[in-house]
Amino acid sequence: MSPTESALPDDGALLAVRGLRKAFGQQEVLKSIDLTVRRGEVVTLIGPSGSGKTTVLRSLNGLEIPDAGVVEFAGGLSVDFSAPVSKKQLAAVRDRSAMVFQHYNLFPHKTTLENVIEGPVQVQKKPKAQAVQEARELLARVGLADKENSYPFELSGGQQQRVGIVRALALRPQLLLFDEPTSALDPELVGDVLTVIKELADEGWTMVVVTHELAFAREVADEVIFMEGGVVVERGHPDTVLRDPREERTRQFVNRLLNPF
Ligand SMILES: Nc1ncnc2c1ncn2[C@@H]1O[C@H](COP(=O)(O)OP(=O)(O)OP(=O)(O)O)[C@@H](O)[C@H]1O
Ligand SMILES: [Mg+2]
6 MSPTESALPD DGALLAVRGL RKAFGQQEVL KSIDLTVRRG EVVTLIGPSG
56 SGKTTVLRSL NGLEIPDAGV VEFAGGLSVD FSAPVSKKQL AAVRDRSAMV
106 FQHYNLFPHK TTLENVIEGP VQVQKKPKAQ AVQEARELLA RVGLADKENS
156 YPFELSGGQQ QRVGIVRALA LRPQLLLFDE PTSALDPELV GDVLTVIKEL
206 ADEGWTMVVV THELAFAREV ADEVIFMEGG VVVERGHPDT VLRDPREERT
256 RQFVNRLLNP F
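If you use the working numbering, the sequence shown corresponds to residues 6 to 266, in order.
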């Protein structure tokens with residue numbers, strides 16, 4: 006794609022995705038998804054189970070290879086998945102973002118500190134002493150300074166997820182991806198994790214967050230995208246999409262989340 010054809014709008018956009026498609030066997034899971042994220046923006050993805058939310062995040066993070074679509078990051082990285090993609094291109098996409106998983110995905114046999122420095126030291130080849138110092142600073146910021154030698158099984162779900170967030174931050178990505186970061190937590194632990202994510206948003210981190218926490222989305226998101234069946238049904242400001250949506254299907258989904266019984 007030449008610069009004149011760039012999908013990236015010239016208005017502070019960090020990421021532009023055009024026509025993202027992914028099938029698993031016969032099942033088309035993403036049917037041409039478009040997405041633009043500006044620097045410092047928080048975009049939330051909502052939608053029913055199986056709508057393709059996780060697949061969008063995994064595609065952005067190079068954990069899935071899309072069948073088609075252009076993924077473009079500011080600074081001159083543009084990958085067209087309709088054509089064969091080299092390992093180098095995939096690694097470049099992967100480097101731009103870091104993911105926080107629903108089930109934390111920490112290494113069970115590594116301590117908190119070891120989990121956090123793994124990526125910076127093994128993948129990014131950062132000197133270990135520097136990685137440790139940065140990890141300690143980040144752990145202190147999320148209230149886990151005293152847990153650096155604990156193993157995941159010694160931590161609560163909320164603490165494990167805060168380690169998961171620190172592990173993502175330690176990679177210094179341009180974009181943070183959160184996949185339902187609080188949905189595996191006991192209700193009383195949800196607030197601590199959402200507070201950390203809100204603080205990161207306030208600090209100016211750019212993020213895409215899959216969540217069912219509508220109050221959080223209303224407060225933190227710049228844009229809410231409602232997906233169903235692998236397509237974007239509706240997108241816009243949270244006050245519109247969550248309070249006064251245009252599409253009947255969005256209204257049904259939001260009402261169901263607000264009134265589950
Ligand atoms: N590796 C895979 N192999 C086969 N099918 C898959 C794979 N990953 C996802 N799918 C299917 O793709 C569809 C979309 O999955 P995805 O995980 O993206 O949905 P989701 O919106 O994140 O759902 P949930 O809210 O349940 O997490 C589902 O039907 C799922 O079964
Ligand atoms: Mg999912």
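Think of the CB as a built atom: it goes at the ideal place given N, C-alpha and C, for glycine as much as any other residue.
Near Thr9, which residues of its chain fall below 8 angstroms by C-beta distance, leaving aside the five closest residues on each side in sequence? Its pLDDT being 44, under 50, Thr9 is placed unreliably in this model, and the value from its coordinates should be taken loosely. Taken in chain order, the list of residues that qualify is empty.
Start and end of the alpha helix (DSSP H) containing Val225? 219–225
Please classify Ala150: is it buried, with 16 or more other beta-carbons within 10 angstroms of its beta-carbon, or exposed? exposed
How many angstroms separate the CA atom of Val237 from the CA atom of Ala134? 45 angstroms
Starting from the Cα of Gly45, find the closest Cα among Gly57, Val215, Thr211 and give me that residue. Thr211
Taking DSSP's pairing of strands, which residues face Ile170 in a bridge? Paired residue(s): none; Ile170 is not in a bridge.
Is the distance from the Cβ of Ala222 to the Cβ of Pro192 below 8 angstroms? no
Residue range of the alpha helix (DSSP H) that Arg44 falls in? Counting along the chain, Arg44 falls outside any alpha helix (DSSP H), and DSSP gives it neither H nor E.
Residues bridged to Ser345 (per DSSP): Nothing in the structure corresponds to residue 345, since the chain is present only between 6 and 266.
Less than 7 angstroms separating the Cβ of Thr117 from some heavy atom of ligand 1? no
Looking at Asp39: is its Cβ nearer than 8 angstroms to the Cβ of Arg26? no
What is the DSSP secondary structure of Thr211, reduced to helix, strand or coil? strand
Which of the three DSSP states is assigned to Ser102 in this structure? strand
Just to confirm, is the Cβ distance from Gly163 to Asp197 under 8 angstroms? yes
Leu176: first and last residue of the uninterrupted beta strand (DSSP E) it sits in: Here Leu176 belongs to no beta strand (DSSP E), and DSSP marks it neither H nor E.
Closer than 7 angstroms to a non-hydrogen atom of ligand 2 - does that hold for the CB of Glu185? yes
Start and end of the beta strand (DSSP E) containing Ile70? Per DSSP, Ile70 belongs to no beta strand (DSSP E) and is neither H nor E.
Please report the straight-line C-alpha distance between Leu35 and Gly57, rounded to a whole angstrom. 6 angstroms
Considering only residues of the same chain and omitting the five flanking positions on each side of Leu118, which have a CB-CB separation below 8 angstroms? Val137, Ala140, Arg141, Leu144, Glu153, Asn154
For Ala73 and Phe86, I'd like the C-alpha separation in whole angstroms. 5 angstroms
Considering only C-alpha positions, which residue in the set Ala220, Tyr109, Val225 is nearest to Asn260? Ala220
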